[in-house]
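Colleague: Shown below is the structure under consideration.
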Amino acid sequence: MDCLLNYDLDELYKLAAETGQPRFRGEQLFRAAHEGRTWDEITNVPKSLKAELTARGFWVTGVEIADKLISSDGTVKYLYRLADGNVIEGVLMKYKYGNTLCVSTQVGCRMNCAFCASGLDGLVRNLTSGEILGQVAAVNRDAGGTLAARAVTNVVLMGSGEPLDNYQEVTAFLRRVNHPKGLNVSERNISLSTSGLADKIYRLADDGFNVTLTVSLHAPDDKTRLSIMPVNKAFDIKTVLDAARYYFGKTGRRVIFEYALIKGVNDSPEQAERLAALAKGFPCHINLIRLNYVRERGLKAADSVKAFAAVLESEGASVTVRRTMGGDIEGACGQLRRRYLSNESKSN
Ligand code: SAH
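Start counting the sequence shown at 4; every next residue gets the next number (my numbering).
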């Protein structure tokens, strides 16, 4: 199983040649794939070429939109099927300045954070760069966009999976998503969210990437963080902050810390003070998130996000409370997929 979006333009020229086709067919395939078309929707290449590539197991984008839920605020939640039958999900959020698509980087996740639905069954597999790109291409088309006038203007790597645990494919995606003949999304419009794989943060900086780095902090001290994020055993808070500072030094881009407020775990005024102290002197912005309730996890959202934010503000930290979007459509990360999978197993 493979897909055209796993290949760059030069490789598609070669593929065209291999199948006895003229070179320009390579570029037609490249365009069609980035336009998010399915084989049936590609009408400008010979049927024989399509037949040969499908016989060789090629999908076009690597993902197929299987289901879609539209919220009253315009947010759209997507469920995609992959060529091997796995399913992943994503969400398109509409803002005044453009539309942001949240993409997945793995099927499942091995981080097993205590509040997150994606890690409940561990890691199933890494997505390929084409499958990550395919999410952007398919949604851009579904939302009425073209390559010249994109409906997806921003991308956040915040869906299921730990992007830095799939370094090779994720960076291949980053290299390809800004192709001028492809989707042309620049690094300035991309955020990568990590649970804090410090070694890979250094690598990302050294490899010359410039995306906005978002670190899922969720606790101001190691004891609390370890109780909800097993990854803190490998990379404690100081190690992660050192890496984030290095990333800032290389890129000049302010780092964003994510902090989901969990009742009785990380939401006390003392913890807000400690978080403010960590942020002091650090080129960062704090994004407070209302916890989405995940039934299998049981953790509850804090009563007040405002009070916590007020402490941070009074200490001079730069902080915003993330707007909750799509609350009426399976808000919590990873939950649409779980419902889909459990319905499927019931019907089997
Ligand atoms: N693995 C990466 C990216 C995927 S998670 C990371 O950890 O950053 C994207 C963001 O959603 C992270 O900040 C994560 O901590 C947060 N998140 C996960 N489950 C959540 C929930 N139930 N409620 C609110 N935020 C959640």
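Every residue, glycine too, gets a C-beta built ideally from N, C-alpha and C. Everything numeric in this text was worked out from a predicted model, so none of it was measured.
On a Cα-Cα basis, can you pick out the residue from G185, G199, E261 and I240 that is closest to R64?
Modeller: Checking the sequence, you will find Thr at residue 64 rather than Arg. Comparing Cα positions, the closest option is G185.
Colleague: With hydrogens ignored, establish whether the beta-carbon of C6 is closer than 7 Å to any heavy atom of the ligand SAH.
Modeller: Checking every heavy atom of the ligand SAH against the Cβ of C6, none is found closer than 7 Å.
Colleague: Which residue marks the beginning of the beta strand (DSSP E) containing Y69, and which one marks its end?
Modeller: Checking the sequence, you will find Ala at residue 69 rather than Tyr. V66 to I73 is the span of the beta strand (DSSP E), which, as asked, contains A69.
Colleague: Could you tell me whether the segment 106-123 touches the segment 159-168, using the rule of 3 or more Cβ pairs below 8 Å?
Modeller: Yes, since at least three Cβ pairs between the segment 106-123 and the segment 159-168 fall closer than 8 Å, the two stretches touch.
Colleague: Within this structure, are the beta carbons of C116 and I231 separated by less than 8 Å?
Modeller: Yes. Within cutoff.
Colleague: Who are the near neighbours of L12 in its chain, counting only those whose CB is closer than 6 Å to its CB and skipping five residues on each side?
Modeller: For L12, where only same-chain residues beyond five positions count, the Cβ hits under 6 Å are F33.
Colleague: Quick one: does the C-beta of N129 sit closer than 7 Å to a heavy atom of the ligand SAH?
Modeller: The answer is no for N129.
Colleague: Could you tell me whether the segment 261-269 touches the segment 213-227, where touching means 3 or more Cβ pairs closer than 8 Å?
Modeller: The segment 261-269 is in contact with the segment 213-227.
Colleague: Given this structure, state the Cα-to-Cα distance separating E134 from D5, to the nearest angstrom.
Modeller: Between E134 and D5, the C-alpha separation is close to 9 Å.
Colleague: How would you label K427, buried or exposed, when you count the other beta carbons within 10 angstroms and need 16 or more for buried?
Modeller: The structure shown has nothing for residue 427, since the chain only spans 4 to 351.
Colleague: R144 to A154, Cα distance in whole Å?
Modeller: Going from the Cα of R144 to the Cα of A154 covers about 8 Å.
Colleague: Starting from A20, follow the beta strand (DSSP E) in both directions and report where the run begins and ends.
Modeller: Unbroken run through A20 is the alpha helix (DSSP H), L12 to E21; no beta strand (DSSP E).
Colleague: Kindly identify the DSSP beta-bridge partner or partners of L85.
Modeller: Looking at the DSSP assignment, L85 forms a beta bridge with V66.
Colleague: What residue range is occupied by the uninterrupted alpha helix (DSSP H) comprising I45?
Modeller: Where I45 is concerned, there is no enclosing alpha helix (DSSP H), given that its DSSP letter is neither H nor E.
Colleague: By DSSP, does Q109 sit in helix, in strand, or in coil?
Modeller: Looking at Q109 - three-state DSSP - the assignment turns out to be strand.
Colleague: For H288, name the three-state secondary structure that DSSP assigns.
Modeller: Three-state DSSP puts H288 in a strand.
Colleague: Counting along the chain, where does the beta strand (DSSP E) carrying V188 start and finish?
Modeller: Here V188 belongs to no beta strand (DSSP E), and DSSP marks it neither H nor E.
Colleague: If you pair each beta-carbon of the segment 301-318 with each one of the segment 273-280, do three or more pairs fall below 8 Å?
Modeller: Output reads yes: the segment 273-280 touches the segment 301-318.
Colleague: Per DSSP, what kind of secondary structure is V90 in: helix, strand or coil?
Modeller: V90 falls in the strand class under three-state DSSP.
Colleague: State the DSSP-derived secondary structure class of N9, mapped to helix, strand or coil.
Modeller: Of the three classes helix, strand and coil, the one that applies to N9 here is helix, per DSSP.
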